[in-house]
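What follows is a set of notes on a single structure, which appears directly below.
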Amino acid sequence: MLIKSKDRNIILPSEITDREVYHQRRDFIRQSGQFALAAAASLTTPALVAGTLPQPSPRAKIAGVKPGPFSSSTDTPNSYKDITSYCNFYEFGTGKRDPERNAHTLKTRPWKVSIEGEVEKPGAYDLEDILKPHDLEERIYRFRCVEAWSMVVPWVGFPLADLIKRFQPTSKAKYVEFTTLYDPEQMPGQRRRVLDWPYTEGLRMDEAMNPLTMMVVGLYGEVLPNQNGAPLRLIVPWKYGFKSIKSIAKIRFTEQRPVSSWEKAGPREYGFYSNVNPRVDHPRWSQARERRLGAGFFEPKVETKLFNGYAEQVADLYAGMDLRKYF
Amino acid sequence: MVSERSLRWGIKPAVFLLCLVPLLWLVWDIVQGQLSANPIEDITHRSGDWALRFLLITLAVTPLKRLSGQVWLLRLRRMLGLYAFFYALLHFLTYLWLDQQFLFSEILVDIGKRPYITVGFSAFVLLIPLALTSNRYAMRRLGRRWQRLHRSVYVIAAFGVLHYLWLVKADSRDPVIYALILIALLGLRAWWQRHQRTV
Chain A
1 MLIKSKDRNI ILPSEITDRE VYHQRRDFIR QSGQFALAAA ASLTTPALVA
51 GTLPQPSPRA KIAGVKPGPF SSSTDTPNSY KDITSYCNFY EFGTGKRDPE
101 RNAHTLKTRP WKVSIEGEVE KPGAYDLEDI LKPHDLEERI YRFRCVEAWS
151 MVVPWVGFPL ADLIKRFQPT SKAKYVEFTT LYDPEQMPGQ RRRVLDWPYT
201 EGLRMDEAMN PLTMMVVGLY GEVLPNQNGA PLRLIVPWKY GFKSIKSIAK
251 IRFTEQRPVS SWEKAGPREY GFYSNVNPRV DHPRWSQARE RRLGAGFFEP
301 KVETKLFNGY AEQVADLYAG MDLRKYF
Chain B
328 MVSERSLRWG IKPAVFLLCL VPLLWLVWDI VQGQLSANPI EDITHRSGDW
378 ALRFLLITLA VTPLKRLSGQ VWLLRLRRML GLYAFFYALL HFLTYLWLDQ
428 QFLFSEILVD IGKRPYITVG FSAFVLLIPL ALTSNRYAMR RLGRRWQRLH
478 RSVYVIAAFG VLHYLWLVKA DSRDPVIYAL ILIALLGLRA WWQRHQRTV
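Next comes the structure, spelled out in structure tokens:
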């Protein structure tokens with residue numbers, strides 16, 4: 001076959017954009033950008049805000065967020081910078097600052113969430129459809145990492161229970177398993193087998209249905225940054241942070257107890273329950289106290305509370321269980 | 328061969344200042360607010376890193392001398408070793424003061440119960456006599472025993488590496504690199520020693 005190629009360096013007059021048109025196009029792009037932002041700020045259905053934008057602009061406000069339970073707190077929330085620059089998200093690197101640096105490669109739109117297992121309405125749903133029926137609320141939760149530091153975070157989201165009810169799990173569903181996206185192109189940290197990818201976490205059904213358990217799409221009233229688990233993450237405030245899986249791509253209802261990623265990596269150190277408990281140490285460090293980040297250099301650590309201070313809401317879930325055995 | 332003059336007035340002061348750079352860099356980052364949201368962790372990690380690095384650099388002096396024939400390198404060894412102690416002290420004080428707030432009940436539990444702290448603490452304690460006997464007077468007083476005592480630096484370095492290996496959660500790339508360097512440095516010594524004997 002003969003392939004004719006013309007000299008690539010020649011620019012034909014017909015290819016040159018008129019200066020006038022060029023500028024108009026610039027203006028058009030700029031205006032559409034502003035329109036998208038304005039739309040994000042003005043839409044009344046919050047789910048649409050998170051959903052309809054091709055790729056949410058960073059720090060776009062989410063409109064229509066109502067204060068939920070725990071929307072006020074005696075603890076001062078950590079700064080936006082602290083929360084977004086100090087993250088464990090090994091899919092983007094094992095350093096605390098790696099996720100902020102690297103998570104821009106993650107494309108959060110379009111995003112599908114696959115609902116599987118013991119459920120009446122399985123399927124691969126667009127994120128927009130997952131979010132649509134839910135009213136978003138703000139809750140300020142304490143966040144306690146297994147590494148003995150903690151933060152206070154104003155999340156935006158809705159109760160996981162509301163989402164679960166919609167998909168109608170069968171009577172066989174005893175547990176919920178969550179899985180993160182597996183895509184080393186978008187998640188460069190997955191190129192090394194630091195953990196058994198994709199990251200997997202799980203809850204017992206009653207834990208998942210507890211009103212405190214939250215699906216999160218935002219932070220400080222704004223779209224959730226990628227390094228904090230966009231577009232959709234879990235928050236289980238009475239458990240160590242790693243239970244609150246980020247960037248959820250699959251929700252599976254199971255009869256058998258799932259094995260979480262950290263449990264697989266170190267069953268002696270990271271149990272399935274991972275409830276915050278000052279009396280059960282991590283084998284390598286004490287859990288009795290925690291460093292509240294942002295507190296200043298000479299501020300002593302604070303005493304860790306059972307169930308991270310949410311005992312009133314969740315202690316009955318574990319009545320009669322030996323929390324040393326089921327750590 | 329390097330002249331006594333340039334060693335005393337050029338190389339030694341230059342190395343001294345160079346060894347201070349990690350500290351100045353850390354202080355700069357603190358003042359500029361460039362540490363992470365958990366600055367105490369950063370200070371702990373960075374001082375620990377440099378303690379370990381200086382230990383390995385100190386251990387590299389003898390092999391370097393043998394390979395290059397530059398005997399004057401040995402004259403830097405004490406200073407490098409003392410810097411290892413200095414950064415280890417900084418690391419320990421950060422733990423004691425900023426991290427644990429001198430809460431000795433917890434610190435003792437930590438040292439007794441958690442192997443990585445037990446090993447790290449032992450390494451630090453073992454460094455103290457070496458730092459104290461690094462002067463000429465102690466060398467003269469101890470005679471042959473001085474060298475035997477200072478050979479414990481091999482164990483200390485191994486403890487240091489183990490301390491690091493045991494504390495990481497999942498990603499052990501960095502401590503493994505330190506371990507490989509240590510194995511290489513000690514391996515060279517072992518090989519040379521055997522070689523000397525058989526020749």
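Respectively, the protein sequence lines represent chains A and B.
Quick note: the first sequence, position 282, residue 282 per this note's numbering, numbers continuous.
Quick note: to get this note's numbering, add 327 to the position in the second sequence (first position is 1).
For glycine and all other residues, C-beta sits at the position ideal for the given N, C-alpha and C.
TODO: Below 6 Å CB to CB, which residues in the same chain sit around residue 33(A) once its five sequence neighbours on both sides are set aside?
DONE: The count along the first sequence starts at 1 and reaches residue 33(A) at position 33. Caution is warranted here: a pLDDT of 44 is assigned to residue 33(A), below 50, making its placement in the model unreliable, and no coordinate value can be reported.
Open item on the list: Under 8 Å, Cβ to Cβ, is there at least one residue of chain B near residue 272(A)?
Closed with: For this step, residue 272(A) is matched to residue 272 along the first sequence. Residue 272(A) does not count as touching chain B.
Open item on the list: Using only the alpha-carbon positions, how far apart do residue 244(A) and residue 360(B) sit?
Closed with: To locate residue 244(A), count along the first sequence from 1; it is residue 244. To locate residue 360(B), count along the second sequence from 1; it is residue 33. About 29 Å.
TODO: Taking the CB atoms as reference points, tell me whether residue 221(A) and residue 302(A) lie closer together than 8 Å.
DONE: In the first sequence, counting from the first residue as 1, residue 221(A) sits at position 221. In the first sequence, counting from the first residue as 1, residue 302(A) sits at position 302. Contact: no.
Open item on the list: Counting only Cβ pairs nearer than 7 Å, list the residues of chain B close to residue 82(A).
Closed with: Looking up residue 82(A) in the first sequence gives position 82. Within 7 Å Cβ-Cβ: 364.
Open item on the list: If we define contact as Cβ-Cβ less than 8 Å, is residue 194(A) a contact residue for chain B?
Closed with: Locating residue 194(A) in the first sequence gives position 194, where the first residue counts as 1. Yes, contact with chain B.
Task: Cβ of residue 437(B) within 8 Å of any chain A Cβ - done: Here residue 437(B) refers to the residue found at position 110 when the second sequence is read from its first residue. Yes, contact with chain A.
Task: Proximity test, Cβ basis, 8 Å: residue 224(A) and chain B - done: Reading the first sequence from its first residue, position 224 is the one you call residue 224(A). Judged by the 8 Å Cβ criterion, residue 224(A) is not in contact with chain B.
TODO: Note down the Cα distance separating residue 490(B) from residue 405(B), rounded to an integer number of angstroms.
DONE: Counting from one through the second sequence, the residue named residue 490(B) turns up at place 163. Counting from one through the second sequence, the residue named residue 405(B) turns up at place 78. About 24 Å.
Task: For residue 276(A), the residue or residues it bridges with in DSSP - done: Residue 276(A) sits at position 276 when you count from the first residue of the first sequence. In DSSP, residue 276(A) forms no bridge with anything.
Task: Pairwise C-alpha distance: residue 509(B) and residue 483(B) - done: Taking the second sequence and counting its residues from 1, one reaches residue 483(B) at position 156. Taking the second sequence and counting its residues from 1, one reaches residue 509(B) at position 182. Between residue 483(B) and residue 509(B), the C-alpha separation is close to 11 Å.
- [ ] Return the Cβ separation of residue 200(A) and residue 258(A) in integer angstroms, given the expectation that the two are a contact with Cβ distance under 8 Å.
- [x] One-based indexing of the first sequence puts residue 200(A) at position 200. One-based indexing of the first sequence puts residue 258(A) at position 258. Between residue 258(A) and residue 200(A) the Cβ distance is about 7 Å, and since that is below 8 Å, they are a contact.
- [ ] Would you mind giving the Cβ-Cβ distance between residue 276(A) and residue 318(A), rounded to the nearest angstrom? I have them listed as a contact below 8 Å.
- [x] Your numbering for residue 276(A) matches position 276 in the first sequence. Your numbering for residue 318(A) matches position 318 in the first sequence. Going by Cβ atoms, the distance from residue 276(A) to residue 318(A) rounds to 12 Å, so no, they are not a contact pair.
Task: Own chain residues within Cβ distance below 6 Å of residue 233(A), not counting five before or after - done: Counting from one through the first sequence, the residue named residue 233(A) turns up at place 233. Cβ neighbours of residue 233(A) beyond the five flanking positions: 216, 246.
- [ ] Return the CA-CA distance between residue 269(A) and residue 214(A), expressed in angstroms with no decimal places.
- [x] In the first sequence, the residue the question calls residue 269(A) occupies position 269. In the first sequence, the residue the question calls residue 214(A) occupies position 214. Each residue's alpha carbon lies about 25 Å from the other.
- [ ] Using a Cβ cut-off of 8 Å, pull out every chain B residue sitting near residue 293(A), in sequence order please.
- [x] The residue you call residue 293(A) lines up with position 293 of the first sequence. Correct list: 364, 365.
TODO: Quick one: which unbroken beta strand (DSSP E) runs of 3-plus residues sit fully inside the stretch 241-271 of chain A? Chain order, please.
DONE: 248-254
Open item on the list: Is residue 478(B) close to chain A? Criterion is C-beta to C-beta, closer than 8 Å.
Closed with: Translated into positions along the second sequence, residue 478(B) becomes position 151. No, residue 478(B) lies away from the interface with chain A (no Cβ there is under 8 Å from its Cβ).
- [ ] Answer with yes or no whether the minimum CB distance from residue 497(B) to chain A is below 8 Å.
- [x] Position 170 of the second sequence, counted from the first residue, corresponds to residue 497(B). Chain A, which has a Cβ nearer than 8 Å to the Cβ of residue 497(B), makes this yes.
TODO: Spell out the partners DSSP gives residue 169(A) in its beta bridges.
DONE: Indexing the first sequence from 1 puts residue 169(A) at position 169. Beta-bridge pairing links residue 169(A) to 119(A).
Task: Beta-carbon separation (whole angstroms), residue 89(A) vs residue 99(A), contact threshold 8 Å - done: Reading the first sequence from its first residue, position 89 is the one you call residue 89(A). Reading the first sequence from its first residue, position 99 is the one you call residue 99(A). Yes, they are in contact, since the Cβ atoms of residue 89(A) and residue 99(A) sit about 4 Å apart, within 8 Å.
Task: Between the CA atoms of residue 378(B) and residue 338(B) - distance to the nearest angstrom - done: Indexing the second sequence from 1 puts residue 338(B) at position 11. Indexing the second sequence from 1 puts residue 378(B) at position 51. Rounded to whole angstroms, residue 338(B) to residue 378(B) spans 22 Å at the Cα level.
TODO: Determine which residues of the stretch 252-269 of chain A have a Cβ less than 9 Å from any Cβ of chain B, and write them out in chain order.
DONE: 262, 265, 266, 269
TODO: Give me the Cα-Cα distance between residue 226(A) and residue 107(A), rounded to the nearest whole angstrom.
DONE: Along the first sequence, read from residue 1 onward, the residue named residue 226(A) stands at position 226. Along the first sequence, read from residue 1 onward, the residue named residue 107(A) stands at position 107. Going by the C-alpha atoms only, they are around 9 Å apart.
Open item on the list: Does the CB of residue 149(A) have a neighbour CB from chain B at under 8 Å?
Closed with: Along the first sequence, one-based indexing puts residue 149(A) at 149. Residue 149(A) counts as touching chain B.
Task: Min CB distance residue 285(A) to chain B below 8 Å - done: The count along the first sequence starts at 1 and reaches residue 285(A) at position 285. With 8 Å as the cut-off, residue 285(A) counts as an interface residue toward chain B.
Task: Supposed contact pair residue 204(A) and residue 174(A) - C-beta distance, whole angstroms, cut 8 Å - done: By one-based count along the first sequence, residue 174(A) stands at place 174. By one-based count along the first sequence, residue 204(A) stands at place 204. Right, the Cβ-Cβ distance comes to about 7 Å (below 8 Å), so this counts as a contact.
TODO: Compare the C-beta of residue 247(A) with all C-beta atoms of chain B and state if any pair is closer than 8 Å.
DONE: One-based indexing of the first sequence puts residue 247(A) at position 247. Answer no: the Cβ-Cβ gap between residue 247(A) and chain B never drops below 8 Å.
- [ ] Quick one: residues in its chain with C-beta nearer than 8 Å to the C-beta of residue 457(B), no 5 flanking neighbours on either side, listed in chain order?
- [x] Within the second sequence, numbered from 1, the residue matching residue 457(B) stands at position 130. Within the same chain, residue 457(B) has close Cβ partners 408, 412, 476, 477, 479, 480, 483.
- [ ] Please report the Cβ distance between residue 144(A) and residue 55(A), rounded to the nearest whole angstrom; I am assuming they are in contact, meaning their Cβ atoms lie under 8 Å.
- [x] On the first sequence, residue 144(A) is found 144 positions in, with the first residue counted as 1. On the first sequence, residue 55(A) is found 55 positions in, with the first residue counted as 1. Actually they do not touch by this definition, with Cβ atoms about 32 Å apart.
Task: 8 Å Cβ cutoff, residue 428(B) in contact with chain A - done: In the second sequence, residue 428(B) corresponds to position 101, counting from 1. Judged by the 8 Å Cβ criterion, residue 428(B) is in contact with chain A.
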